[in-house]
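In the working numbering, the protein residues as written are 8 to 226.
Below, the structure is given as structure tokens:
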């Protein structure tokens with residue numbers, strides 16, 4: 008495995024922007040660091056949206072990729088996020104279950120009814136950790152990994168994520184960095200079968216530093 012902290016605003020893999028992507032950066036680093044000839048294998052087993060930072064795991068072998076992907080399919084890999092929402096949540100802790108459809112042309116996701124033929128189940132649990140200045144700091148346990156899921160489900164609750172232009176344009180402004188962070192991964196090592204936990208803290212920047220105990224002051 009290779010576990011890294013993804014920088015914000017770096018695409019996970021090559022996209023239409025042509026900007027340098029994390030997968031290519033890591034492959035080049037492995038090639039140079041270990042003086043590897045030819046192409047370097049690095050398996051992408053999960054994704055983060057481009058503006059989101061935090062902890063990610065990659066697979067160094069196809070066998071590891073298969074086993075890590077299987078953990079994700081079985082919801083055996085626990086994925087926790089920190090997010091800052093605009094406004095209050097209805098409950099200090101709750102499980103949200105919605106059905107989502109993605110418009111690929113617009114790259115937008117919508118909440119639809121349970122009976123929608125293209126709707127895919129999306130589920131997460133959130134807990135309000137702190138609340139101040141019209142914002143909530145949330146810890147989110149993500150059960151399913153739908154595109155833009157956390158952003159859409161929180162916006163649907165009337166509490167869009169700080170800085171999210173796509174799903175919270177009425178309360179957010181251009182230039183604000185989205186306050187969503189991949190905080191913790193709990194998984195089983197694909198070979199040793201040992202339970203492992205990896206954590207990453209958001210940078211010591213606004214709005215994260217409203218709650219400095221939840222930030223990485225070295226960033």
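Note that the Cβ used here is the ideal one computed from N, Cα and C, for glycine as well.
All values derive from a computational prediction rather than experimental measurement.
ask   = Do you know whose CA, among 217, 30 and 200, lies nearest residue 51's CA?
value = Position 44 of the chain shown, counted from the first residue, corresponds to residue 51. Comparing Cα positions, the closest option is 30.
task = Within the same chain, show all residues whose beta-carbon is closer than 6 angstroms to that of residue 252, passing over the 5 residues directly before and after it, in chain order.
result = Nothing about residue 252 can be reported from this structure: the residues present for the chain run from 8 to 226 only.
query = Any idea what DSSP makes of residue 24, helix, strand or coil?
reply = For the purposes of this step, residue 24 is taken as the residue at position 17 of the chain shown. If DSSP states are grouped into helix, strand and coil, residue 24 belongs with coil.
task = Please list the segments of the beta strand (DSSP E) lying wholly inside the stretch 19 to 97, counting only runs of 3 or more residues, in order along the chain.
result = Runs of the beta strand (DSSP E) lying entirely within the stretch 19 to 97 and spanning at least 3 residues, in chain order: 60 to 66 and 85 to 93.
Whole-number beta carbon distance between residue 205 and residue 10, since they are thought to touch under 8 angstroms = Translated into positions along the chain shown, residue 10 becomes position 3. Translated into positions along the chain shown, residue 205 becomes position 198. Confirmed, Cβ separation roughly 5 angstroms.
query = With distances taken from CA atoms, which of 141, 145, 19 and 155 is nearest residue 113?
reply = Position 106 of the chain shown, counted from the first residue, corresponds to residue 113. The residue with the shortest Cα to Cα distance from residue 113 is 155.
ask   = Per the contact definition of three or more C-beta pairs closer than 8 angstroms, is the stretch 87 to 104 in contact with the stretch 186 to 193?
value = Yes, since at least three Cβ pairs between the stretch 186 to 193 and the stretch 87 to 104 fall closer than 8 angstroms, the two stretches touch.
message = Assuming contact is defined by CB atoms lying nearer than 8 angstroms, are residue 49 and residue 33 in contact in what I supplied?
response = Translated into positions along the chain shown, residue 49 becomes position 42. Translated into positions along the chain shown, residue 33 becomes position 26. Yes. Within cutoff.
task = Tell me, please, whether the stretch 196 to 214 touches the stretch 115 to 122 by the rule of three or more beta-carbon pairs shorter than 8 angstroms.
result = no
ask   = DSSP state of residue 217, grouped into three classes?
value = Position 210 of the chain shown, counted from the first residue, corresponds to residue 217. Helix, per DSSP.
message = Relative to the C-alpha of residue 124, which candidate in 107, 81 and 140 has its C-alpha closest?
response = Indexing the chain shown from 1 puts residue 124 at position 117. Looking at the Cα atoms, 107 is the closest of the given residues.
task = Return the chain-ordered ranges of every alpha helix (DSSP H) run that is complete within the stretch 148 to 182 and spans a minimum of 4 residues.
result = Fully enclosed alpha helix (DSSP H) runs of no fewer than 4 residues occupy 156 to 163 of the stretch 148 to 182, in order along the chain.
Run of the beta strand (DSSP E) containing residue 190, from where it starts to where it stops = The residue you call residue 190 lines up with position 183 of the chain shown. Start and end: 187 to 195.
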